[in-house]
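Data block below; observations after.
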Amino acid sequence: MRGRGLKRGAALLTAFTAATAVTTGCGQGSDDKGAGTATPPRTTATTTPPPTTTTTPAVQRFESRVTKVTAADLKHSWREGCPVPPSGLRMIQMTYWGMDKRPHPDGRLIVNAQAADDLVKVFRRLYDMRYPIRRMEPVDVYKGSDFDSIEANNTSAFNCRNSTGGTRWSQHAYGLAVDINPCENPYVSSSGEVAHKDCVKFRNRQRRDPGVIHDGDRVVKAFASIGWEWGGHWSGIKDYQHFSSTGR
Ligand SMILES: [Zn+2]
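Under mature numbering (1 follows the signal peptide of the UniProt record, and there is no 0), the letters of the sequence shown match residues -21 to -1, 1 to 227, in that order.
So, in structure tokens, the structure goes:
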């Protein structure tokens, strides 16, 4: 048995080497017209199945790109007098794992330039753990309306606005706060109210629906790894969707 196994392994290795050689050959070829007519490399490569480790279907890997933004990109979410100029903000374009259990390559999140790289790390972790996100668009898509963005269950970060019910800048105005799946993770007032009808049921934090964040879970830990804190830890008001660099 042992001997046969070794022999088979050797055969596979040979085939694999052949396949690799073929691939390399194709990669180096610069003459398009010649492809297909020159010695077809198939004979050796296709007769032996590839090593079994490669049979799992390839799932799209997390990809991200951090780009600059201008005032024109932030027509509804930024204005003169905001605490951070557009030059201090970045757009992260990235893959996110959807509620439909599929990769979405078109996530867009506007964040503070200084937090962009850290947040890429967090969202890569969330993607790798298949934490599902409903949608991810800048609040400008909702004309800067926090209410409409939440109503659409949109995950977002930058929005130059005051804190909910307050008169001071929210951490969102600095691009230093992210709201994740705001329906499954609602803002609950100190008297227990949730402003969005469809999301009232998520006041019950025992629910295990996809996207619901629980104390100490991997989402909370992913943000904690960059020093960001969770609004679910607040006393009185609870903001279960909210993570920020200052904890406010
Ligand atoms: Zn928030």
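No residue lacks a Cβ here, since even glycine has one placed at the ideal position from N, Cα and C.
Any non-hydrogen atom of ligand 1 closer than 7 Å to residue i Cβ
i: His175; result: no
i: Ala156; result: yes
i: Asp218; result: yes
i: His193; result: no
i: His83; result: no
i: His151; result: yes
i: His221; result: yes
Counted within 10 angstroms of its Cβ, other Cβ atoms place residue i as buried (16 or more) or exposed
i: Phe102; result: buried
i: Glu163; result: buried
i: Arg109; result: exposed
i: Lys122; result: exposed
i: Gly211; result: buried
i: Trp209; result: buried
i: Thr146; result: exposed
i: Ala50; result: exposed
i: Ser169; result: exposed
i: Pro165; result: buried
i: Thr134; result: buried
i: Val38; result: exposed
Limits of the alpha helix (DSSP H) - the one that residue i falls within
i: Lys100; result: 95 to 107
i: Phe137; result: Phe137 -> no alpha helix (DSSP H), and no H or E assigned at all.
i: Lys200; result: 197 to 203
i: Asp119; result: No alpha helix (DSSP H) contains Asp119, which DSSP labels as neither H nor E.
i: Glu130; result: 125 to 130
Residues bridged to residue i (per DSSP)
i: Val90; result: Arg69
i: Val167; result: Lys217
i: Phe222; result: Val157, Trp209
i: His83; result: Tyr75
i: Ile112; result: Gly77
i: Asn141; result: Trp148
Residue i: first and last residue of the uninterrupted beta strand (DSSP E) it sits in
i: Val45; result: 43 to 47
i: Ala156; result: 156 to 158
Any chain B beta carbon closer than 8 Å to residue i
i: Ser142; result: The structure shown contains no chain B; it is built from a single protein chain.
Are three or more beta carbon pairs between the region 82 to 96 and the region 172 to 182 nearer than 8 Å?
no
Touch check for the region 85 to 103 and the region 64 to 74: three-plus C-beta pairs under 8 Å?
yes
Should the region 90 to 99 be called in touch with the region 50 to 62, which here means at least 3 C-beta pairs below 8 Å?
no
At least three beta-carbon pairs within less than 8 Å, the region 183 to 193 to the region 148 to 163:
yes
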